Each structure stands twice: as C-alpha cells, then as structure tokens.
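There are 2 protein chains.
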Amino acid sequence: MRVLYDGRVEEYRAVWMEGKKIKCIDQRVLPENFVIREIKNTDEACKAIKSMMVRGAPTIGATAAYAMAQAYLLGEDLAKTANALKKTRPTAHDLFHAIDLVLNSSDPVEEAEKYVESIVERCRLIGKHGESLLNDHAHILTHCNAGALASVDIGTALAPIRMAHYSGKSLHVYVDETRPRLQGARLTAWELKNEGIEHTIIADNAAGYYMWKGKIDIVIVGADRVACNGDVANKVGTLEKAVIAKEFGVKFYVAFPSSTVDPKAKFGAEIPIEERDEKEVLEIAGTRIAPEGSRAKNPAFDITPAKYIDGYITEYGIIDACGIKKFITHLVAKTK
Amino acid sequence: MRVLYDGRVEEYRAVWMEGKKIKCIDQRVLPENFVIREIKNTDEACKAIKSMMVRGAPTIGATAAYAMAQAYLLGEDLAKTANALKKTRPTAHDLFHAIDLVLNSSDPVEEAEKYVESIVERCRLIGKHGESLLNDHAHILTHCNAGALASVDIGTALAPIRMAHYSGKSLHVYVDETRPRLQGARLTAWELKNEGIEHTIIADNAAGYYMWKGKIDIVIVGADRVACNGDVANKVGTLEKAVIAKEFGVKFYVAFPSSTVDPKAKFGAEIPIEERDEKEVLEIAGTRIAPEGSRAKNPAFDITPAKYIDGYITEYGIIDACGIKKFITHLVAKTK
Numbered sequence: 020m021r022v023l024y025d026g027r028v029e030e031y032r033a034v035w036m037e038g039k040k041i042k043c044i045d046q047r048v049l050p051e052n053f054v055i056r057e058i059k060n061t062d063e064a065c066k067a068i069k070s071m072m073v074r075g076a077p078t079i080g081a082t083a084a085y086a087m088a089q090a091y092l093l094g095e096d097l098a099k100t101a102n103a104l105k106k107t108r109p110t111a112h113d114l115f116h117a118i119d120l121v122l123n124s125s126d127p128v129e130e131a132e133k134y135v136e137s138i139v140e141r142c143r144l145i146g147k148h149g150e151s152l153l154n155d156h157a158h159i160l161t162h163c164n165a166g167a168l169a170s171v172d173i174g175t176a177l178a179p180i181r182m183a184h185y186s187g188k189s190l191h192v193y194v195d196e197t198r199p200r201l202q203g204a205r206l207t208a209w210e211l212k213n214e215g216i217e218h219t220i221i222a223d224n225a226a227g228y229y230m231w232k233g234k235i236d237i238v239i240v241g242a243d244r245v246a247c248n249g250d251v252a253n254k255v256g257t258l259e260k261a262v263i264a265k266e267f268g269v270k271f272y273v274a275f276p277s278s279t280v281d282p283k284a285k286f287g288a289e290i291p292i293e294e295r296d297e298k299e300v301l302e303i304a305g306t307r308i309a310p311e312g313s314r315a316k317n318p319a320f321d322i323t324p325a326k327y328i329d330g331y332i333t334e335y336g337i338i339d340a341c342g343i344k345k346f347i348t349h350l351v352a353k354t355k
Numbered sequence: 020m021r022v023l024y025d026g027r028v029e030e031y032r033a034v035w036m037e038g039k040k041i042k043c044i045d046q047r048v049l050p051e052n053f054v055i056r057e058i059k060n061t062d063e064a065c066k067a068i069k070s071m072m073v074r075g076a077p078t079i080g081a082t083a084a085y086a087m088a089q090a091y092l093l094g095e096d097l098a099k100t101a102n103a104l105k106k107t108r109p110t111a112h113d114l115f116h117a118i119d120l121v122l123n124s125s126d127p128v129e130e131a132e133k134y135v136e137s138i139v140e141r142c143r144l145i146g147k148h149g150e151s152l153l154n155d156h157a158h159i160l161t162h163c164n165a166g167a168l169a170s171v172d173i174g175t176a177l178a179p180i181r182m183a184h185y186s187g188k189s190l191h192v193y194v195d196e197t198r199p200r201l202q203g204a205r206l207t208a209w210e211l212k213n214e215g216i217e218h219t220i221i222a223d224n225a226a227g228y229y230m231w232k233g234k235i236d237i238v239i240v241g242a243d244r245v246a247c248n249g250d251v252a253n254k255v256g257t258l259e260k261a262v263i264a265k266e267f268g269v270k271f272y273v274a275f276p277s278s279t280v281d282p283k284a285k286f287g288a289e290i291p292i293e294e295r296d297e298k299e300v301l302e303i304a305g306t307r308i309a310p311e312g313s314r315a316k317n318p319a320f321d322i323t324p325a326k327y328i329d330g331y332i333t334e335y336g337i338i339d340a341c342g343i344k345k346f347i348t349h350l351v352a353k354t355k
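Those sequence lines, one after another, are chains V and Y.
For any residue, its number in the working numbering is found by taking its place in the first sequence, counting from 1, and adding 19.
For any residue, its number in the working numbering is found by taking its place in the second sequence, counting from 1, and adding 19.
Okay, here's the thing in structure tokens:
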C-alpha cells in the first residue's frame, strides 16, 4: 500500500517476514504515528493479534501463518503454537484456515509465504472484479477498515475503490468512523488519504441519513467469516448498514477472499461473536466518558443475514445473492 | 431530577431562574463534573444554547423562555433578544415556540415560568401514559438523551422509564452512546445511575445486533421537531434505529410534549437539519482521531418517516400511527 511518510511515498504491507522476524505496521497508533513493530516469537504474535496491533481477517490469517513459520524456524512445537494462536480471537475465519494450512504442510516457511502471496493476489482480483460496480463519480459508503491494513495489501472492500481510482474514476467515499475502535476514522481515512481518494468521515449514526437523502450509491464492506448460506459476520454495525441500504434501495456488497468462508458454519447464527473489553466503549483515549459505575457491552461483530446482501465480491468474480450458496458448495467441495 | 452528588441526594432541574439570573446544569462537563452555571444576559443565553451547555428540545425552549423573561427584567429590547435566540440552533421546534409565546405575552416573567411549569407537567403526563407500554422486566433501547436534562425535569423518552421504575417494575435500559457528542454514554447513563435503574451502554453500531438477537422489547426516543404528518426530527441515528426496529419487529415509540410539533412543517423533509462543526467527529476530548487533512460531515439530526413509528407518547396520551395526523390537526386548530 502507498504510505505517505515523512514527505516520502513508500510501499508497505500490513505484515511481512524478514528472516526469523515478523514485521508489521502497528495499527493501534495510526494515524498519529506510523510505527513498524517486530514480532520475535509465538507469545508476541498472540499479543499482536489479541491487542489488534494487527487486525482484519486476512491480515490476522497472514500474521498467524508467519507465526507458524517463525515457530518452525525457531524449532518450537508447531501444534502448541497453533493452539495458542487459535485462542487469540474467535470470529475471523482466516485465522483458523491459515494455521491449519501451515500446520499440515511439509514446508511451513514456504507454505506461509505462499499463503500470504495468495491473499495479495486474491485482493488484486477482488479489486479487478469489483471495480466494474463503481461508476465514475460514484459515492460509496464503507464501514470499518477492510483495506490494505486488514488484508496485507490492496484491501477487500477498498480493493475495488483503489482499482477504480487507479483507472481514473472520480470517487467519493463516506467513511463510517466505526465505534468503538474507530477503524474507519483512523485507518480507512488514512489509507484513502495516502491514495489521494476523496472521502468524508461520518459518525456511524449518520450513514442512514445519507442513504435516506440519496447521497450514497453503493455500500461495500469486508467480512470476518462467511457462512455457507451467505450470512456474513463483520464489524458490529454492518447489519444496520445492510438493513438500511435494503430499505432505501442502495446496493450492498461484501468483499472477501475465499479463505474467509467457513465450510463448517451452515448459518450466520453459528459464528461465534467476540465480546471485547467494555473499556473500549466506556473510555476514549484513556479517558472515561461514562459515569463511574455504569457498565457497557462490546460485541465486536454482528451477523448480516444473506437476504440483505446484493452481491459478494471474491477473487473468482462477483457472485449475486441467488448464486452464493451454490458458489460456496463448489468452493468447499474443491478445497476438500 | 434525582442527583447523587458528593454523597448526598438532591433534586435539580436542568434549568431554572433565580431573580434576574438563569441557572443551569452544564451538560458539557457531565458526568465527570457536576457544575451549575449562571446566565446573566441574552448573549450568555445564546452561547449556552449554541455550545450545548443546555440541550434537548424542551430544555432549549425553557432556557429561551427564561432568557426572554431576563431580557424583560433587564429592560432590553425583547424583539432583538428573540431574534438573537432564534439564531442559536435551527432544528428544535420548542425554541421558536417558547420565544414567540413569551414575546406575545403581557407578562414575560409569568409567561416564562408558566411555560416551564407546563413542560414539567407535560413530561409527568408523558411518563404516566408511557408507563403502560413497559412491562415488568422490559428491555428498552433509547438513543441520545431525552431525559430530565433535555426537558427541564423527568424527561420525555426517560419519563415512562422513570415512572415504571418508581412503581416497582424491574427494567433494563440499553443506552446508545450516541456519537458524536456521546449524550447517551455521558448524560442518559448519568440520569439512570442517579435513579438506580439498571442499564448497559453500547456503541451505536451494536443496537441492530441486540435487536436481531431479540434482546430489546421496545425503543423509546425523544423528538426535536415533529411534522404534521408524524415525521420526526431527532438526534442523528434515530432513523437507523427505527428502520431496524421495524425490520426486527421491535416496537418503536417517540415521546414529546405538544410544543415539539411544528404546525408549519407538513413533512419531515421540510425540517432544517443542523450541520455542526466537523471537529465533533474528527476530535475526541480535544485529541484528533482522524488523519490530518481528512474532513468530516456532522449532521446533528435526521428525519424518521412516520411509517417507522408505532406510536407517539404525548401529554394527551399515546397516539398510534393511524391517529397521529388527526391528532396534530386537532392540536394545531386548538392552539390557533
């Protein structure tokens, strides 16, 4: 991804490997600070995923794949490493998919690199296919960050936007700030600014207002896990945007690589939803905003039933609502 | 309203008058600090409304009524004061209603006091009527703050909740934090805590998730202006909650005193929506969260079309969706 830093333009990935070390952009401190961190062992990799230093389903998968490769290089017990990594976060499917892939491979290092390259290539294809949905002067709404930071490079939801921008289309992106962790205001806006793509940050509450006013042509979001019936687990608030979009006749698309599909989840309701620390709601930048004694609930994801989704943008092309079950059945059969 | 402060329980109103001075709770610094401010002239009254030191449609109306009375006592030009006050905020109808009422009165001081007492009495009646909607063990969602702080005392949306609590019903209130200004997390939670009513703060994004899960029985919100066809302007995000509630079969009620009805607005689309400073989105507690150079839009309200509203809780009783137009026609005829 294009990063404007210290007056220079540089190319970065969200996570990569150098020798026995994993390196990553610390997503917790953007956009104020651009900091590259080193992950030296399994324990640090687990902490990086858990604390959301790295985040986004494909980037979590990539970090886990690299952590398995690292454990192999350090002569550690891979089954133990796999076990520890699987306990970090419960919702994103790519995590489990990537760990099993490397665990069952004869060459963990090569397998991890191959897996990460496949994510980037898939994102490129998602961008290529998805670009056709965006007309010149399109107004797009996105929720959370499904950009290069979330998927090693290029992005899932942001891939079609990047590609359309590169091919000269004029776009305007409405960016949901995405409480409680503000991935929209902090990360998506940062990626769009680096690319020079026009954007407006809005409170999550305002998305419905702009759809009602007819200001938004299309919604594109990412996914953390996709069930076999096309239900989607994604950042909390996605469900609201999807229902509103349906109500006001705005097209709603979900972009993801096939590694996000969980062949074991028949329906969305079977997908575990991570409940995170209430402090993420009760405090902002370390300052408590709520009265002492008040409590909060903080589900990190929600489930968007397939009936609210107009189409799925994957590396294989755009799958419409009618075709998604068949597509996933084929996909699952192929990978067995 | 009941305020727990410094280990004592005291009764307060959001705004009141002492001699020639208006006094109010500074709603910008709650819940960290409980501070009473003095408003000594029209200029300070305008600033108090504009800066949201006082906020909520009925409290804005009450403050404006008192400011008119104060101008009268100070020998100022009432037409000029009315003009300045009307420019403070564009959406809440109570502001314009209260100013005109006092301006056309022969005794501004008495008229202002009468008006403010009538708000409190209306809120009491809203509570009495609305309580019938809340069963024992009801789970209620509310958005923004439509409590005693917003309506001098008792509340509009919070009035039925207070009354049900006083009559011994066990309740649980889900409180939308209400970005960008966090009136839910800061003010509604503070009022509920002071009353000892069980509550959970959630990110605005999570309301849809809890409705989808069947955790919420009823939504009650306030209103800033009600059009003659029953469309409602209220805090941005209300529209989203109403659409989601309809989709998931959750009852959606709006509570307001009749002073919030604008006889001149035929439809919601005619109501002006205040656009506030983008800093409210781009900064939190003075710290910038978005990249330098990124811009934001900050509409403070949205319009909820009448078709998403199951009922209206007013001082005259609960009006259902079919009856609202007729009710407003009667109301407007009566006040002419």
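From the three backbone atoms N, C-alpha and C, an ideal C-beta is built for every residue, glycine too.
Values in this document were obtained by computation on a predicted structure and should not be read as measured data.
- Distance from ILE292/Y to ALA284/Y at the Cβ level is roughly 12 Å; contact not present, criterion being Cβ atoms closer than 8 Å.
- Within 7 Å of the CB of PRO199/V, the CB atoms of chain Y belong to ALA222, in sequence order along the chain.
- Per DSSP, ASN102/Y is one residue of the alpha helix (DSSP H) stretching across 97-105.
- Counted as a single uninterrupted DSSP element, the alpha helix (DSSP H) harbouring GLY146/Y occupies residues 127-149.
- Close to chain Y, meaning a Cβ-Cβ distance shorter than 9 Å, are the following residues of the stretch 307-319 of chain V: ARG307, ILE308, ALA309, PRO310, GLU311, GLY312, SER313, ARG314, ALA315, LYS316, ASN317, PRO318.
- In the structure shown, LYS69/V adopts helical secondary structure according to DSSP, grouped into three states.
- Contact with chain V is absent for LYS106/Y, since none of that chain's Cβ atoms lies less than 7 Å from the residue's Cβ.
- Only residues of its own chain outside the window of five on either side were considered, and among them LEU153, ALA157, ILE159, ILE180, ALA183, HIS184, ILE216, GLU217 have a CB closer than 7 Å to the CB of LEU190/V, listed in chain order.
- Looking at the backbone, the Cα of MET20/V and that of LYS234/V are separated by about 28 Å.
- Not a single C-beta of chain Y is nearer than 7 Å to the C-beta of VAL192/V.
- Listed along the chain, the chain Y residues whose CB falls inside 9 Å of the CB of ARG181/V amount to none; the nearest CB is some 17 Å away.
- With three or more CB-CB distances shorter than 8 Å, the stretch 265-275 of chain V counts as touching the stretch 137-152 of chain V.
- From the beta-carbon of THR219/Y, the residues of chain V found nearer than 8 Å are ARG314, ALA315, LYS316.
- Per the C-alpha coordinates, the member of ASP321/V, GLY342/V, ILE347/V positioned closest to PRO109/V is ASP321/V.
- Only VAL255, GLY256, LEU258, GLU259, VAL262, ILE263, GLU266 from the stretch 255-280 of chain V bring a Cβ to less than 7 Å from some Cβ of chain Y.
- Here DSSP, grouped into helix, strand and coil, assigns CYS163/Y to coil.
- Around the beta carbon of SER186/Y, fewer than 16 other beta carbons lie within 10 angstroms, which makes this residue exposed.
- An exposed status is given to ASN102/V, since fewer than 16 other beta-carbon atoms sit within 10 Å of its beta-carbon.
- With the rule of 3 Cβ pairs closer than 8 Å, the stretch 222-231 of chain V does not count as touching the stretch 318-336 of chain V.
- Chain-ordered, the chain Y residues with CB closer than 7 Å to the CB of TYR228/V read VAL255, LEU258, PRO318, ASP321.
- Nearest in C-alpha terms to ILE173/Y, of all of VAL48/Y, ALA352/Y, VAL34/Y, is VAL34/Y.
- The criterion of a C-beta distance shorter than 7 Å is not satisfied by ILE68/V and THR100/V.
- Within chain V, the residues placing a beta-carbon under 9 Å from that of ARG205/Y are ILE308, ALA309, PRO310, ordered along the chain.
- Excluding sequence positions up to five before and after TYR91/V, its CB lies within less than 7 Å of the CB of LEU97, PRO127, VAL128, all in the same chain and listed in chain order.
- Our two residues, LYS298/V and THR354/Y, have alpha carbons roughly 49 Å apart in a direct line.
- For LEU93/Y, the closest of ALA81/Y, ALA83/Y, ASN60/Y, LEU120/Y by C-alpha to C-alpha distance is ASN60/Y.
- Its Cα nearest to that of ASP25/V, the residue VAL54/V stands out among LYS40/V, ASN123/V, LYS39/V, VAL54/V.
- Chain order gives the chain Y residues near TRP209/V as PRO310, where near means a beta carbon separation below 7 Å.
- Taking GLU30/V as the centre and dropping the five residues before and after it, the same chain places the C-beta of MET20, ARG21, VAL22 closer than 8 Å to its C-beta, in chain order.
- Secondary structure note for PHE346/Y: its alpha helix (DSSP H) is the uninterrupted segment 343-354.
- ASP250/Y places its beta carbon less than 7 Å from that of GLY287/Y.
- One thing to note: PRO199/Y has its Cβ no nearer than 7 Å to the Cβ of TYR228/V.
- Leaving aside the five residues that flank LYS40/V on each side, the residues in its chain whose CB is nearer than 8 Å to its CB run, in chain order, GLU57, ILE58, LYS59, GLN89.
- Linking SER313/V to LYS147/V through their CA atoms gives a straight-line distance of about 47 Å.
- Relative to the Cα of CYS163/Y, the nearest Cα in the group LYS212/Y, TYR85/Y, THR257/Y, LEU120/Y belongs to THR257/Y.
- By the CB criterion at 7 Å, ALA204/V and ILE303/Y fall outside the cutoff.
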